[in-house]
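Here the structure comes first, spelled out in structure tokens, and everything after it is commentary.
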Amino acid sequence: MEVVDIRPLLAPLLSLFCGILVFAVGERTWWRRFWSLSAAVVKLALVYSMLPGVLDGKIYSYSLIEFTPGIGLAFRVDALGMFFAIVSSSLWLITTVYAIGYMEQEHERARFFGFFALCVSTTVGIAFAENLLTLFLFYEMLTICTYPLVVHEETPEAMKAGRKYLVYTLLGGVFVLLGCAVTFQWAGTLSLSTAGILPASVGKQGLSLLFAAFVIGFGVKAAIMPLHGWLPSAMVAPAPVSALLHAVAVVKAGAFGIMRVVFCVFGVELLRDLGITVWLAALASVTIVLASIIAMTQDNFKRRLAYSTISQLSYIVLGVALLTPLAALGAIVHIANQAFQKITMFFVAGAIQRTTGRTNIHELGGIGYQMPFTMGAFTVAALGFIGVPLTAGFITKWYLSLGAMEAENGWVFVVVLITSSILNAGYWLPVVYMAFFKVPPGTHLHIKEAHWTLLIPTLICAVYVILLGSFAEVPGMPLSLARTAVEFFFGL
Amino acid sequence: MYGTQWPVVLLVTPLVGAALTPIIARRRAQLAGYWALFTFSIVSLAAAALTYQIHTQGEFSYYMGGWAPPIGIELRFDEFSASIAVICLVGWLSLLYCLGYAKHAIPERRIPYFYALMLLCLGGMNGFAVTGDIFNLFVFLEILSLAGYALVAITGDGIAELAAFKYLVMGAISSLSILLAIGIMYSLTGTLNMTDLAVRLSDVEPFPAAVAVAALTLGFCVKAALFPLHIWLPDAHSIAPSPVSAVLSGLVVKVGVLGMLRMFQILYASQVLDLTALNNVLMWLGAISIVMGALFAMVQDDIKMMLAYSTISNIGYIFLGLGLASTYGIIGASVHIFNHAIIKACLFLGAGSLIHQTGYRKLSDLRGVGKAMPITSAAIAVGAISIVGIPPTAGFLCKWYIALGAIEADRLFFAVALLFGALLIFVYYIRMLNAFYFMPPSHPEILEVGEAPLTMLIPIVILAILCLVMGIFGRIPLSFIEPAVINMLAPIGG
Amino acid sequence: MKALWTNIDYVASVVLLLIGLYAIMAKGNLVKKLMGLNIIETAVFAFVMAAGIVDGGDAPIMGPGANPPFANPLPQGLILTGIVVAFSTSALALSLIIRIYARFGTIESEELWGVE
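Residue numbers (the numbering used here), protein chains in the order written: chain A, 665 to 1156; chain B, 448 to 941; chain C, 220 to 335.
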């Protein structure tokens, strides 16, 4: 049931205005905080106000203008978009609180918070895009808006990382645009409102190439190997940026794009006939394992997190590529699960850096005696990544495994998932061990926690990791939303 | 009928205004600016009225003095003539900008002549856009070109005269090439009227017609600075005063493109030649232009030099679109005539303000200027993002249409070349933005300079806003162009 | 060969055009370049004029004693305009050359390369 409603438009506009206001107030700290926080709260309320309707199967849409014939700047809230929007706007609020504490001493805060808001605006735009061109539009804007955040430090290293980031993501954008143009030529529309728009009559070869172009284009941001090079370098950005953008907004935009392409542009049926997603699944599997192995060798906390992100993102891609309902469910839910787990870890890394100045893992011996709550949150997230029941990660693994078993030769992927769990344990548990048990002699319990603005968001996220795992089936939790989306795409 | 005399106002006012400028400004040179702005406001009014008329009642003709062709001079107002709107817009804003700019940048005794030449150049361009007769096309072309050569040299700084001379020689050769083509066409058909020409060309011998087309193409390609005929452009456009650069880069090179469009209109209608070979050449040259312009721009440190090379890339887009000869391709090319004019004017005027305020013109010297001149720098940033074609700015639509056109014409390679070329362009614009925003200033005193005076700031801001608006409301130029392109391609079944 | 001979006027124009082009490209002196340009101008004018000639035609001046065929008057009109344009181009170019000489003390393009 389609309902015309202005809220899908207001959601991205709100952050856009927030960004402009932040630029306008310049260095006036109080006003900047006020606008950032109030916009985040209002936006969250706005997005949540649409949740009951979406769960009932309502679809909110709003068409702004037609800026090229047949293709307009249009917004449409379906279950999948709603899911992504809820995750990103919830985390925006939490990260804003964290960033206010974290950026206290930094330079150029107006620029930072301004572009921060713009990024969230574009992310919600991606989530609510009605057609591929609107999605592309926000996808490219996201690239541009994140650049000032990546190079925030203005050091040569940051500039280099920024350049790398732009080259990778804009190259990806070129492939997406090419894909859009070809799709428009073949399908005559770019709408994302149905489960598949491309006609099978185009021919297998052409469709396969088109699919490859889309996968490369969105795969850059989703950091599928070998397109992941920008992500570890981009970790020079301040921790809140890494947290929100490189664990949530940017990388998920890539994964979300792949979902839209698979479910809405090609459609499950067509892709099953083409049989090319098995390659994507293989690529994702390789990424999952290889990135985990590289992560084990990293000593820098944030770099290890980056490789862990690369590995985790491919869970989503794998789940999509398997083309079974349960695997898709696992993939969609993982957008939220991974986001909360990873953001907890980034918050921890940032809090440790701000409080003690340590950035490497081998320096973390006994940190648990100094920052027990922070490290407690870290432990929860680590268990989540390993996939221990009652944490969010378990839900993902459970549905992905079930979905894999439905697919042909699915056991291979189940083995991949189990290997990944072991590898995750291999690189996260030592950190926990170091923090609490490998204590340098003479350490006493001397609590010197991070500032509350850093600690509270971390703890909230950690609690949410457990909530997502324990109460997944409660209506209104992400799983129910994901289920609505899957039912639509698979025609169940 | 109401408003029928607008065409006369459009063409005669700038000529008369230009002639009167030195007299009016005899005692006070600064009066010239206000006079020129006033004159051109009238012209702009006429252009607006005419554009509106084209919009409401479609194509129409105006006969100078009431004489119908073949004796009289016909002015033809079709959708492509609507480019007078953009000519007047960019021209008017540039003149406004000159009010603040000319005081310091141009020797006082030359100021009246400067404004007179600006009026001539802009007026000539309007004439070029609306004439329905190929010989008048040539005359207007010469008016605007001569004014352009002189404008390049007007500051008398450094190599200005040398650049102007280089521009003059190349320009004169191309004009002669066009005149030659006009002569051939006339001797083949016995008419100079474009509509007649389209009819009569259909049964002439193909060989001389091909020679004429080749000469015409050569001439217009030099004017448009298509690679490898671009060598005059970088020096001329970078050394000229910034508002002149904006007019030259935004509008005057488009004269070549507009000329090509007129030629294609005639050729497609008459079908005298198979244009596949020509289109292929244009397509390839366009693609090479995009890449070469970008490569040259990348190694420039001088901000205006960089912008000048970027013009070559953008002309490459347009020619690529023209050469594709598919509906979307030509739509993209035509829309880019409008959009690039706006974007490049924004960039050149912005760069002019930076140079005017700081006294530096190298990117390495301009570091940190983003903090000193936030509004101008933001406008330049919008222009840069727009010219690279990041949605939802104006540049994106052209890229999108030309890419669609390439796919429509079954030439995926060119779509790929275009999009990757755009990426290459971004590499050097990001260098500029990095210098403005993310690098510590190399001259600390740069942080002390303020924004330029309002007369210079307002045009830049308006143009920057247009860069965004033309992207979001991309249907407006499109509603003009689309029927014209469909009409144009109808004879070849486009 | 015969075709060349019957079209001797066109051939002459083309030869002139090539000479002018050669002068522009090969000569270093700016004045000589300008002269090359003038030669091309002449070539083009001659070509268009020749195209307007009608064999055995009279000058198209009406009045007593005027009898057809007439030469086509329009090309002459066009070329008259062309000459005016060419004249102003040359004037502008010469004044630029004077300015260049005043500033750099030379008008040889090899020597001017250095100052660029």
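Using N, Cα and C, we set each Cβ at its ideal position, and we do this for glycine too.
On a predicted model such as this, the values are computed, not experimentally measured, just so you know.
Out of A:Leu1064, A:Met746 and A:Val788, point me to the one whose CA is closest to A:Trp756's CA. Nearest of A:Leu1064, A:Met746 and A:Val788 to A:Trp756, Cα basis: A:Val788.
With a 10 Å radius around its C-beta and 16 neighbouring C-beta atoms as the bar for buried, classify A:Leu909 as buried or exposed. By the neighbour-count rule (16 or more Cβ atoms within 10 Å), A:Leu909 is buried.
Taking DSSP's pairing of strands, which residues face B:Lys809 in a bridge? The partner list for B:Lys809 (beta bridge, DSSP) reads B:Asp749.
Beta-carbon proximity check, C:Ala242 vs C:Ile227, cutoff 8 Å: Not closer than 8 Å, so no.
I'd like the span of the beta strand (DSSP E) that includes A:Val667, first residue to last. Looking at the DSSP string, the run of the beta strand (DSSP E) that includes A:Val667 is Glu666 to Val668.
Of the choices A:Thr798, A:Phe920, A:Asn1024 and A:Thr941, whose alpha-carbon is the least far from that of A:Ile996? Ranking the options by Cα distance to A:Ile996, first place goes to A:Phe920.
Could you work out which residue in B:Ala611, B:Phe927 and B:Ser689 is closest to B:Tyr439 when comparing CA atoms only? The question about residue 439 of chain B has no answer, for chain B in this structure spans 448 to 941.
What are the uninterrupted segments assigned as beta strand (DSSP E) that are 3 or more residues long and contained completely in the segment 505-581 of chain B, given in chain order? Counting only runs of at least 3 residues, the segment 505-581 of chain B fully encloses the following beta strand (DSSP E) elements, listed from N- to C-terminal order: 507-510 and 521-524.
Relative to the C-alpha of B:Ala532, which candidate in B:Ala563, B:Tyr560, B:Ser488 and B:Tyr807 has its C-alpha closest? Looking at the Cα atoms, B:Ser488 is the closest of the given residues.
Using the Cβ count rule (16 or more neighbours within 10 Å means buried), how would you classify B:Tyr449? In this prediction, B:Tyr449 scores a pLDDT of 45, lower than 50, which makes its location untrustworthy; the coordinate-derived value is nonetheless stated afterwards. Classification for B:Tyr449: exposed.
Less than 8 Å between CB atoms is the rule here; does B:Gly921 satisfy it with respect to chain C? By this cut-off, B:Gly921 is not an interface position.
For A:Glu730, the residue or residues it bridges with in DSSP: A:Gly736.
Answer yes or no: do B:Phe873 and A:Leu834 have a C-beta to C-beta separation smaller than 8 Å? For the 8 Å CB-CB criterion, B:Phe873 and A:Leu834 form a contact.
Is it buried or exposed for C:Glu330, if we count other Cβ within 10 angstroms and need 16 for buried? The residue in question, C:Glu330, is exposed, as its Cβ has fewer than 16 Cβ neighbours within 10 Å.
Opening and closing residue of the alpha helix (DSSP H) in which C:Glu260 lies: Leu249 to Gly271 is the extent of the alpha helix (DSSP H) around C:Glu260.
Shorter than 8 Å from the beta carbon of B:Met448 to some beta carbon of chain A? Summary for B:Met448: the model assigns pLDDT 44, below 50, so the residue's position carries little reliability; its value from the coordinates is reported in the next sentence. At least 8 Å separates the CB of B:Met448 from every CB of chain A.
Taking any Cβ of chain C, which residues in the segment 809-840 of chain B have a Cβ under 8 Å from it, in chain order? Cβ contacts with chain C: none found.
Within 10 Å of its beta-carbon, does B:His783 have 16 or more other beta-carbons around it, so buried, or fewer, so exposed? Per the 10 Å Cβ criterion, buried.
To which residues of the same chain is B:Ile629 closer than 7 Å at the C-beta, ignoring the five residues directly before and after it? Excluding residues within five positions, the ones whose Cβ falls inside 7 Å are Ile581, Phe582 and Phe585.
CA-to-CA distance, A:Ala793 to A:Leu715, given in whole angstroms: Their backbone Cα atoms lie some 17 Å apart in a straight line.
Start and end of the alpha helix (DSSP H) containing B:Ile939? Judged by DSSP secondary structure, B:Ile939 falls outside any alpha helix (DSSP H); it is assigned neither H nor E.
Looking at A:Leu1118: is its Cβ nearer than 8 Å to the Cβ of A:Ala1015? For A:Leu1118 and A:Ala1015, yes; Cβs fall inside 8 Å.
For C:Ala222, count neighbouring C-beta atoms within 10 Å of its own C-beta (all shown protein chains included) and say buried if the count is 16 or more, exposed if not. Classification of C:Ala222: exposed, given that the 10 Å Cβ count is below 16.
Can you check the segment 672-748 of chain A for any beta strand (DSSP E) of at least 3 residues that lies completely inside it and give the ranges in chain order? Entirely contained in the segment 672-748 of chain A, the beta strand (DSSP E) runs reaching 3 residues are, in chain order, 723-732 and 735-741.
Taking 8 Å as the threshold (C-beta atoms), are A:Leu993 and A:Ala1146 in contact? Against a cut-off of 8 Å, the Cβ pair of A:Leu993 and A:Ala1146 comes out as a contact.
Shortest alpha-carbon distance to A:Ile940 belongs to which of A:Ala876, A:Val905, A:Met1141 and A:Arg968? The shortest Cα separation from A:Ile940 among A:Ala876, A:Val905, A:Met1141 and A:Arg968 belongs to A:Ala876.
For B:Ile919, which residues in the same chain have their Cβ closer than 8 Å to its Cβ, ignoring the five residues on either side in sequence? Correct list, in chain order: Pro839.
Could you work out which residue in B:Trp847, B:Phe654 and B:Val459 is closest to B:Gly768 when comparing CA atoms only? With respect to the C-alpha of B:Gly768, the residue from B:Trp847, B:Phe654 and B:Val459 having the closest C-alpha is B:Trp847.
Using a Cβ cut-off of 7 Å, which residues of the segment 238-250 of chain C contact any Cβ in chain B, in chain order? Hits within the stretch, in order: Ile243 and Leu249.
Are the C-beta atoms of A:Glu794 and some chain B residue less than 8 Å apart? Taking Cβ atoms only, chain B never reaches closer than 8 Å to A:Glu794, which makes this a no.
Do A:Ser978 and A:Ile958 have their C-beta atoms closer together than 8 Å? No, the pair does not count as a contact, with Cβ atoms beyond the cut-off.
CA-CA distance, A:Leu1109 and A:Leu1028? Cα to Cα, A:Leu1109 sits roughly 15 Å from A:Leu1028.
Determine the extent of the alpha helix (DSSP H) in which C:Trp224 is found, giving its start and end residues. For C:Trp224, the enclosing alpha helix (DSSP H) has its first and last residue at Lys221 to Thr225.
Cβ of A:Val846 less than 8 Å from any chain B Cβ? Residue contact with chain B for A:Val846: present (Cβ-Cβ distance below 8 Å to some residue of chain B).
Helix, strand or coil: which one does DSSP assign to B:Met448? At B:Met448 the pLDDT is 44, less than 50, meaning the model places this residue with poor confidence and gives no usable figure here.
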